[in-house]
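Protein chains: 2
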Amino acid sequence: MNDKKQQLLKASIELFAAEGFWNTPTAKIARHAGVATGTLFNYFPSKDALINAVYVELKHEWREHVLAGYPEEADVKSRLEHIWFRNIDWGVNHFDHYSLTEQLRMADVLSDETIRHQNEELTFLYKVVCDGFDQAIFKEMDIDYFNRIVLAELDATVRYAVAFEIKDMALTKLIMTSIDILWNGIAR
Amino acid sequence: MNDKKQQLLKASIELFAAEGFWNTPTAKIARHAGVATGTLFNYFPSKDALINAVYVELKHEWREHVLAGYPEEADVKSRLEHIWFRNIDWGVNHFDHYSLTEQLRMADVLSDETIRHQNEELTFLYKVVCDGFDQAIFKEMDIDYFNRIVLAELDATVRYAVAFEIKDMALTKLIMTSIDILWNGIAR
DNA sequence: CCAATATTTGACTGATTAGTCAATCGCCAA
DNA sequence: TTGGCGATTGACTAATCAGTCAAATATTGG
Numbered sequence: 003m004n005d006k007k008q009q010l011l012k013a014s015i016e017l018f019a020a021e022g023f024w025n026t027p028t029a030k031i032a033r034h035a036g037v038a039t040g041t042l043f044n045y046f047p048s049k050d051a052l053i054n055a056v057y058v059e060l061k062h063e064w065r066e067h068v069l070a071g072y073p074e075e076a077d078v079k080s081r082l083e084h085i086w087f088r089n090i091d092w093g094v095n096h097f098d099h100y101s102l103t104e105q106l107r108m109a110d111v112l113s114d115e116t117i118r119h120q121n122e123e124l125t126f127l128y129k130v131v132c133d134g135f136d137q138a139i140f141k142e143m144d145i146d147y148f149n150r151i152v153l154a155e156l157d158a159t160v161r162y163a164v165a166f167e168i169k170d171m172a173l174t175k176l177i178m179t180s181i182d183i184l185w186n187g188i189a190r
Numbered sequence: 003m004n005d006k007k008q009q010l011l012k013a014s015i016e017l018f019a020a021e022g023f024w025n026t027p028t029a030k031i032a033r034h035a036g037v038a039t040g041t042l043f044n045y046f047p048s049k050d051a052l053i054n055a056v057y058v059e060l061k062h063e064w065r066e067h068v069l070a071g072y073p074e075e076a077d078v079k080s081r082l083e084h085i086w087f088r089n090i091d092w093g094v095n096h097f098d099h100y101s102l103t104e105q106l107r108m109a110d111v112l113s114d115e116t117i118r119h120q121n122e123e124l125t126f127l128y129k130v131v132c133d134g135f136d137q138a139i140f141k142e143m144d145i146d147y148f149n150r151i152v153l154a155e156l157d158a159t160v161r162y163a164v165a166f167e168i169k170d171m172a173l174t175k176l177i178m179t180s181i182d183i184l185w186n187g188i189a190r
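Heads up: the protein sequence lines correspond to chains E and B, in order.
Residue numbering for the first sequence follows this note's numbering, starting at 3 and increasing by one per position.
Residue numbering for the second sequence follows this note's numbering, starting at 3 and increasing by one per position.
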């Protein structure tokens with residue numbers, strides 16, 4: 003990855019997170035990255051392409067963080083708890099990146115290519131959920147509905163923790179509570 | 003409420019729902035409502051004010067729908083289930099309005115006045131939740147966290163139902179499942 | 001029927017923005 | 001040193017849009 007391209011991505015993430023991507027002109031991004039407007043369009047054919055690249059970059063960061071120390075061979079509950087902990091940790095400690103990622107996902111700006119690329123990186127998630135269903139750990143429900151419920155609770159927990167500045171011991175306790183709520187809800 | 007004002011609100015809702023409110027020019031709204039650009043600004047001092055009025059209008063619709071047949075004197079679980087059913091019903095059958103409401107709530111475009119006005123209309127919600135805590139029906143947790151969890155699951159359920167076109171019997175079954183997941187999660 | 005008042009109109013303004021492109025720069029090979 | 005070439009520049013274009021305002025039109029009261 004080129005040096006200037008990386009700078010442009012970094013600048014985009016900072017500005018998008020601070021002011022929203024619709025309100026951030028390409029000229030401002032270029033200036034913030036220390037290059038000219040034209041240079042931005044050498045590396046990214048359009049603002050849309052830049053936005054997609056930003057999303058891929060953020061999701062990559064996220065994945066690295068969540069997968070650190072992932073107990074691939076452990077039982078379903080342990081794996082799910084690992085993902086849960088690490089996800090909330092990332093959401094709370096990099097909330098601007100977390101929030102921007104969600105915004106982009108919601109905003110209908112992601113290309114099919116980006117979505118496909120992302121799904122490929124999420125196979126580890128898919129695996130743990132399938133294992134849970136295979137082992138009849140979870141209640142009977144559609145896997146897509148299951149995913150939505152899990153992600154929704156995760157998101158609610160992160161945003162609550164950030165909104166009320168829950169930290170340290172209190173955060174650990176909150177995460178415990180959230181896992182309890184989730185597990186009681188979805189497990190047989 | 004004035005006739006033209008109502009037309010403008012209606013046109014705004016239709017266009018915002020179809021194309022997003024950032025992508026809808028005021029001129030287009032006015033044309034769609036059958037008035038001139040200038041007229042829009044007679045009734046709403048700015049596009050922001052119009053957006054806020056749209057939100058208030060949608061929330062009003064929502065409240066009417068959710069409160070229809072509300073068993074004010076029933077026990078906590080019955081009241082919560084009523085709200086749950088009616089909310090999903092509204093979300094599924096008026097998804098464009100539902101989705102627009104959520105978009106507006108997320109997008110940081112609502113004035114303090116609008117938010118205050120909305121909270122006043124939500125006392126019935128506040129009451130049932132407080133009753134639940136007073137009667138020690140729910141697990142011990144912060145009321146704000148509780149609210150977020152409930153709304154998150156509700157939203158996940160609506161979006162899943164719409165995405166997979168769940169209807170009639172299947173929808174009723176989904177709602178049952180969702181209540182089960184919620185209740186097992188939050189109740190003692 | 002007229003005058004006064006209120007409402008409506010839409011061309012216009014000023015500001016903003018994604019994307020272009022001819023000119024310039026800087027690097028390297030001959 | 002020089003010629004060539006890809007990378008970089010930023011002034012510029014064409015388009016878009018929120019909001020204005022003077023003129024036109026409708027409404028109301030006497």
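Beta carbons are placed, not taken as given, at the ideal position from N, Cα and C, and that holds for glycine.
Identify which residue in the options has its Cα closest to the Cα of residue i.
i        : options                                : result
E:Gly22  : E:Leu102, E:Asp133, E:Asp144           : E:Leu102
B:Tyr72  : B:Trp64, B:His84, B:Lys61              : B:His84
E:Ile188 : E:Phe166, E:Ile151, E:Glu104           : E:Ile151
B:Tyr45  : B:Lys30, B:Ile15, B:Asn4               : B:Asn4
E:Arg81  : E:Phe126, E:Glu142, E:Leu156, E:His62  : E:Phe126
B:His62  : B:Leu176, B:Asp114, B:Thr174, B:Trp92  : B:Trp92
B:Arg33  : B:Leu17, B:Asp170, B:Phe166, B:Asp133  : B:Leu17
B:Asn54  : B:Phe135, B:Lys175, B:Ser113           : B:Ser113
B:Asp144 : E:Ile177, E:Leu124, E:Glu122           : E:Ile177
E:Trp24  : E:Asn186, E:Phe166, E:Lys49, E:Ala38   : E:Lys49
B:Asn121 : B:Ile90, B:Leu173, B:Pro47, B:Arg65    : B:Arg65
B:Val56  : B:Lys175, B:Gln8, B:Asn149             : B:Gln8
B:Glu167 : E:Ile31, E:Asp146, E:Phe166            : E:Asp146
B:Ala76  : B:Pro27, B:Asp133, B:Glu104, B:Ile31   : B:Asp133
B:Phe135 : B:Glu123, B:Leu124, B:Asn149           : B:Asn149
E:Phe174 : E:Asn186, E:Trp86, E:Pro47, E:Thr116   : Residue identity differs from the one stated: residue 174 of chain E is Thr in this sequence, not Phe. Nearest option by C-alpha distance: E:Trp86.
B:Thr179 : B:Gln137, B:Ile90, B:Glu115            : B:Ile90
E:Glu74  : E:Tyr128, E:Ile117, E:Glu104, E:Thr116 : E:Tyr128
E:Ala19  : E:Thr116, E:Gln105, E:Lys169           : E:Gln105
For a test of the three-state rule: what should DSSP assign to residue i, helix, strand or coil?
i        : result
E:Phe140 : strand
B:Ala38  : coil
E:Lys6   : helix
B:Ala55  : helix
B:Ile151 : helix
B:Glu16  : helix
E:Glu66  : helix
B:Tyr162 : helix
B:Lys169 : coil
B:Asn25  : coil
B:Tyr72  : coil
E:Ser48  : coil
Could you give the C-beta distance for residue i and residue j, rounded to a whole number, given that I count them as a contact under 8 angstroms?
i        : j        : result
B:Lys12  : B:Thr41  : Wrong, their Cβ atoms sit about 14 angstroms apart, outside the cutoff.
E:Leu52  : E:Ala35  : Not quite, the Cβ-Cβ distance comes to about 11 angstroms (not below 8 angstroms), so this is no contact.
E:Ile139 : E:Arg107 : No, E:Ile139 and E:Arg107 are not in contact; Cβ-Cβ is about 28 angstroms, not under 8 angstroms.
B:Leu184 : B:Glu142 : At roughly 17 angstroms, the Cβ-Cβ gap does not stay under 8 angstroms, so B:Leu184 and B:Glu142 are not in contact.
E:Val78  : E:Val130 : 6 angstroms
E:Ile58  : E:His96  : Checking the displayed sequence, the identity of residue 58 of chain E turns out to be Val instead of Ile. Contact doesn't hold; Cβ gap of about 16 angstroms is too wide.
B:Arg88  : B:Val111 : Not confirmed; about 26 angstroms, so no contact.
E:His99  : E:Ile15  : 7 angstroms
B:Ala158 : B:Val94  : About 13 angstroms; that fails the 8 angstroms criterion.
B:Thr39  : B:Thr28  : 6 angstroms
When DSSP builds the beta bridges, which residues end up paired with residue i?
i        : result
B:Ala189 : B:Phe140
Item to check | Whole alpha helix (DSSP H) elements within the stretch 75–135 of chain B, 4-residue minimum | outcome: Listed in chain order, the alpha helix (DSSP H) elements of length 4 or more contained wholly in the stretch 75–135 of chain B are 78–95, 97–108, 114–122.
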